[in-house]
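Undergrad:
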Ligand code: 3PG
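In the working numbering, the protein residues as written are 13 to 228.
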């Protein structure tokens with residue numbers, strides 16, 4: 013079985029697949045499959061569909077069923093119920109804006125690889141205590157940006173981050189140049205207006221450009 017599709021998927025595999033994990037907000041189930049195909053065509057297959065809209069779970073389900081080249085994950089996982097619903101819909105990984113032991117345990121119970129969110133040293137230490145060494149830094153720009161990550165590189169030398177929140181095509185390189193950054197997350201590869209217009213060509217182009225961003 014493709015390890016990217018099995019319960020053995022690790023957070024490191026999620027982070028190291030491409031320089032950018034697109035953070036996706038979908039309001040129309042009919043957009044899910046063509047959008048996912050456009051991202052895959054542009055070279056990006058780890059897709060974070062946020063649980064922020066009533067359509068999100070159906071979108072995850074559609075991508076999981078119909079786009080086998082994609083690895084779909086659920087974002088905005090804030091509760092045990094979210095983790096269960098995401099796994100049931102076919103998500104293979106979960107991304108949360110913060111860290112709680114309950115969400116961590118629920119993801120383990122569901123076989124969902126979790127990328128927990130942190131914004132402080134204490135949160136990093138809590139996540140480390142639970143065995144997580146790959147973490148989302150959220151909201152990255154607002155909470156200190158590249159300078160914060162550089163500072164964390166001292167005490168938290170063994171942690172790899174995915175900064176998300178305020179990361180753009182313009183500033184992504186500043187993050188990707190840091191040795192403790194494995195990839196970045198951002199909504200820019202899937203703009204709301206491109207979705208509304210069904211402009212899959214634009215999404216594919218944005219994915220291709222994002223794919224070409226370089227890690228140091
Ligand atoms: C989010 O939670 O919305 C993500 O962090 C994406 O943020 P962005 O729109 O600033 O990329």
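Glycine residues also receive a C-beta, built at the ideal position from the N, C-alpha and C atoms.
As the structure is a computational prediction, the values presented were derived from the model and not from experiment.
Using three-state DSSP, classify residue 56 as helix, strand or coil.
TA: In the three-state reduction of the DSSP assignment, residue 56 falls in the coil class.
Undergrad: For a test of the three-state rule: what should DSSP assign to residue 23, helix, strand or coil?
TA: For residue 23, the secondary structure class from DSSP, reduced to helix, strand or coil, is helix.
Undergrad: DSSP state of residue 13, grouped into three classes?
TA: Note that residue 13 scores 45 on pLDDT, short of 50, meaning its location in the model is unreliable; the coordinates nonetheless yield the value given after this. The three-state reading of DSSP puts residue 13 in coil, since its state is none of H, G, I, E or B.
Undergrad: Is residue 38 near residue 61, with beta carbons less than 8 Å apart?
TA: yes
Undergrad: According to DSSP, simplified to helix, strand and coil, what is residue 34?
TA: The three-state secondary structure of residue 34, taken from DSSP, is strand.
Undergrad: By the DSSP assignment, the alpha helix (DSSP H) with residue 162 in it spans what residues?
TA: It spans 157-164 - the alpha helix (DSSP H) in which residue 162 sits, taken as one unbroken run.
Undergrad: Please go through the stretch 109-144 and give each complete beta strand (DSSP E) segment of 3 or more residues, from N-terminal end onward.
TA: 125-127
Undergrad: Please output, in chain order, the residues near the ligand 3PG using a CB cut-off of less than 5 Å to any non-hydrogen atom of the ligand.
TA: 35, 176, 177, 178, 198 and 199
Undergrad: Give me, in chain order, the residues of the same chain whose beta-carbon lies closer than 8 Å to that of residue 204; leave out the 5 immediate sequence neighbours on both sides.
TA: 37
Undergrad: With DSSP collapsed to three states, give me the class of residue 1.
TA: Any property of residue 1 remains undetermined from this structure, which presents the chain solely from 13 to 228.
Undergrad: With a 10 Å radius around its C-beta and 16 neighbouring C-beta atoms as the bar for buried, classify residue 44 as buried or exposed.
TA: buried
Undergrad: Work out the CA separation of residue 133 and residue 164 for me, nearest whole Å.
TA: 8 Å
Undergrad: Taking the continuous alpha helix (DSSP H) assigned at residue 101, which residues delimit it?
TA: 92-101
Undergrad: Taking residue 221 as part of the alpha helix (DSSP H), name the residues at either end of that continuous run.
TA: For residue 221, the enclosing alpha helix (DSSP H) begins and ends at 212-223.
Undergrad: Within the continuous beta strand (DSSP E) that includes residue 70, where are the two ends?
TA: No beta strand (DSSP E) contains residue 70, which is instead part of the alpha helix (DSSP H) from 68-78.
Undergrad: Looking only at DSSP bridge pairs, what is residue 226 linked to?
TA: Per DSSP, none; premise fails for residue 226.
Undergrad: With 16 other CB atoms within 10 Å as the buried threshold, where does residue 13 fall?
TA: For residue 13, the pLDDT reaches just 45, beneath the cut-off of 50, and the residue's location in the model is therefore unreliable, although a value from the coordinates is still provided. Under this definition residue 13 is an exposed residue.
Undergrad: With DSSP as the reference, label residue 147 as helix, strand or coil.
TA: If DSSP states are grouped into helix, strand and coil, residue 147 belongs with the strands.
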